[in-house]
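Shown next, in structure tokens, is the structure this report addresses.
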Amino acid sequence: MPDASVPADDRGLAYGDGLFETVLMRAGQPLLWSYHLARLAEGCRRLGLPMPDTAALDAELARPGAAALEVLKLVLTRGSGGQGYRVPDAPAPRLLVSRRAFVPSIVRWQEGVCVRLCDLRLGHQPRLAGIKHLNRLENVLARQEWYDPGIAEGLLVDTDGKLVEATSMNVFWRAKGQLWTPPVTRCGVAGTLRAALLDARVVAEAELSFEVLAEVDALWVANSVQGVWPVHTLLDPRGGTLATWARTGHDTLQRQGHRLLGYPGSFRNEAE
């Protein structure tokens, strides 16, 4: 059974020693579940944690939902014990599970969003790159950079000036007729919707320096819960606008991404 609370000596609380997954549930069914399990398994391998008991996960998924759309959050910690940073010889991982009703932002699907470039630069740590570990302080600090509700997300670049992700979403762009997303081999989170779009060959990986970000043909932020938000404005953190984009043509990324999540597809009527 999943734990209902976290004691003060839990290593996830003390050190961020653990992992989490945030899963969209539609009519009680998890979306992109195989991708979430694969990322969780990879995170467990990297951190040296046993995978959660399959029966506990199955029991949670079988529980009737309270809403048509829900967000299931799984938090897996190493549990208690050990001495300081030294992990216990026989860890007893702790699994916490929560579910809440969810309503996506249709307006952001339709009208797009304004985002800003963050001042914070992501550091490189390949052993943690891609997985969804509990220590997200870089993202927390980046999200503290703005409080304007008109700004939907912040874009993060690494210490080399390469675009990586948004604070809680992956980033995609179009250039020369191709859809791209940055690699996340040195830092950042490998989102499950991103993984599915890569597997479907809707997008491919490429590096992009923030200096030329304003030159791309279109820009999106997306994740497996919120869906795909087209970006219409990119703001400079010191004030002013770095770029604007008009929505033209059929939105292939939104259509394909939303198909995977059961959301409505592109909101444009033009042919591709």
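With this note's numbering, the residue at position 1 of the sequence shown is 459, and numbering never jumps. Note that beta-carbon positions come from the ideal geometry of N, C-alpha and C, so glycine has one too.
CA-CA distance, residue i and residue j?
i	j	result
P510	G697	46 Å
F668	D516	43 Å
G476	Q602	23 Å
G537	G501	15 Å
A704	R503	43 Å
D467	Q541	11 Å
L651	L614	19 Å
E728	T706	Note that E728 scores 43 on pLDDT, short of 50, meaning its location in the model is unreliable and no value can be drawn from it.
E663	P508	31 Å
S724	S492	25 Å
R544	T699	47 Å
E730	Y605	Here the model assigns E730 a pLDDT of 39, short of 50, so the residue's position is not dependable and the matter cannot be decided.
A406	Q684	Past the edges of the chain, shown from 459 to 730, lies residue 406, and the structure says nothing about it.
A499	G635	35 Å
K531	H708	33 Å
P465	A658	42 Å
K590	G474	11 Å
A633	L655	17 Å
G649	S463	27 Å
W488	G720	It should be pointed out that residue 488 corresponds to Pro in this sequence rather than to Trp. Each residue's Cα considered, the two are about 11 Å apart.
R521	G486	8 Å
H582	A472	22 Å
Checking 8 Å against the spacing of the C-beta atoms, do residue i and residue j come in under that value?
i	j	result
W567	Q714	no
C645	D618	no
H494	E518	no
R558	V529	yes
V661	G588	no
V561	L586	no
G523	M483	yes
A624	G612	yes
C576	A600	yes
L637	T702	no
Measure how close the beta-carbons of residue i and residue j come, nearest whole angstrom, since I'm counting them as under 8 Å.
i	j	result
N718	L534	According to the sequence provided, residue 718 is Leu. The question's Asn does not apply to it. Contact doesn't hold; Cβ gap of about 24 Å is too wide.
G470	L592	5 Å
P640	E665	6 Å
E596	L621	The Cβ separation is near 15 Å, so there is no contact.
Checklist entry - So does the stretch 681-697 actually touch the stretch 570-580, counting three or more Cβ pairs closer than 8 Å? => result Three or more pairs of CB atoms, one per stretch, sit closer than 8 Å, so the stretch 681-697 contacts the stretch 570-580.
Checklist entry - If you scan the stretch 639-697 from start to end, which runs of the alpha helix (DSSP H) of 4 or more residues do you find wholly inside it? => result DSSP runs (the alpha helix (DSSP H)) wholly in the stretch 639-697: 650-657.
Checklist entry - Taking contact to mean at least 3 C-beta pairs separated by less than 8 Å, is the stretch 673-687 in contact with the stretch 622-633? => result Enough Cβ pairs lie closer than 8 Å, so yes.
Checklist entry - Looking at C-beta atoms only, is the number of pairs between the stretch 661-675 and the stretch 543-557 that lie closer than 8 Å three or more? => result Result no; under three Cβ-Cβ pairs closer than 8 Å.
Checklist entry - Enumerated in chain order, which unbroken segments of the alpha helix (DSSP H) with a length of 4 residues or greater are wholly contained in the stretch 704-729? => result Listed in chain order, the alpha helix (DSSP H) runs fully inside the stretch 704-729 are 710-719, counting runs of at least 4 residues.
Checklist entry - Which ranges would you report for the alpha helix (DSSP H) in the stretch 591-615 if only whole runs of at least 4 residues count? => result Entirely contained in the stretch 591-615, the alpha helix (DSSP H) runs reaching 4 residues are, in chain order, 595-601.
Item to check | Segments of 4+ residues assigned as alpha helix (DSSP H) that fall wholly inside the stretch 464-518 | outcome: DSSP runs (the alpha helix (DSSP H)) wholly in the stretch 464-518: 469-473 and 491-505.
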